[in-house]
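Enquirer:
Structure representation (structure tokens):
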């Protein structure tokens, strides 16, 4: 490709997927819990005020590409989760139906003051535990941007195993 003028390719998006029944094989999903100061509820539980605060926070306290409102009509309002502490929404795990039997873990975000403490992973684990008994889905899928090296490293160590599919979408550019 370089001979044709393309830049060196890089890992653009990492994709993991598998059976929801694999969750019991991931010990961290069962071990990792949120402290009592945090509450988890369905996305549908957002009040009008919380909804507006999140909308107004886009680009201020969370990056636009982690907005819970992207493709809002596709968001599974009951399986998507919001994370609260001190009476404020501080994170979310957005879920979407990908196909008839697959749910997509689409967007995970936790406010900066709660990052690096495992709160986002604990929220994703909670979503996974809730899916285990859900008859609507048998498969899960998640995408992680290649630039999110910390999450890619975590998933390689703690999710990659036999039975979990892993793919990489490579990117490159050609200057014209």
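In UniProt numbering, the protein residues as written are 1 to 176. For every residue, glycine included, the Cβ atom is placed at its ideal position computed from N, Cα and C. Remember, it's a predicted structure, so these values are computed and weren't measured experimentally.
Nearest-angstrom Cα distance between residue 35 and residue 6?
Expert: The alpha-carbon atoms of residue 35 and residue 6 are separated by roughly 48 Å.
Enquirer: Who are the Cβ neighbours of residue 67 in its own chain at under 6 Å, not counting the five residues just before and after it?
Expert: Closer than 6 Å at the Cβ level, and outside the excluded window around residue 67, lie 58.
Enquirer: Determine the direct distance from the alpha carbon of residue 107 to that of residue 63, and round the result to whole angstroms.
Expert: Using only the alpha carbons, I get a separation of about 11 Å.
Enquirer: Could you tell me which residues DSSP pairs with residue 107 in its beta bridges?
Expert: Paired residue(s): 94.
Enquirer: Give me the residue from 27, 131, 53 with the minimum Cα distance to residue 96.
Expert: When only C-alpha atoms are compared, the closest one is 131.
Enquirer: Using three-state DSSP, classify residue 99 as helix, strand or coil.
Expert: DSSP places residue 99 in strand when its eight states are reduced to three.
Enquirer: Check whether the Cβ atoms of residue 122 and residue 32 lie closer than 8 Å to each other.
Expert: Contact flag set, yes.
Enquirer: Could you tell me which whole alpha helix (DSSP H) segments of length 4 or greater appear in the UniProt domain "N-acetyltransferase" (41-176)?
Expert: Correct list: 48-57, 119-132, 149-158.
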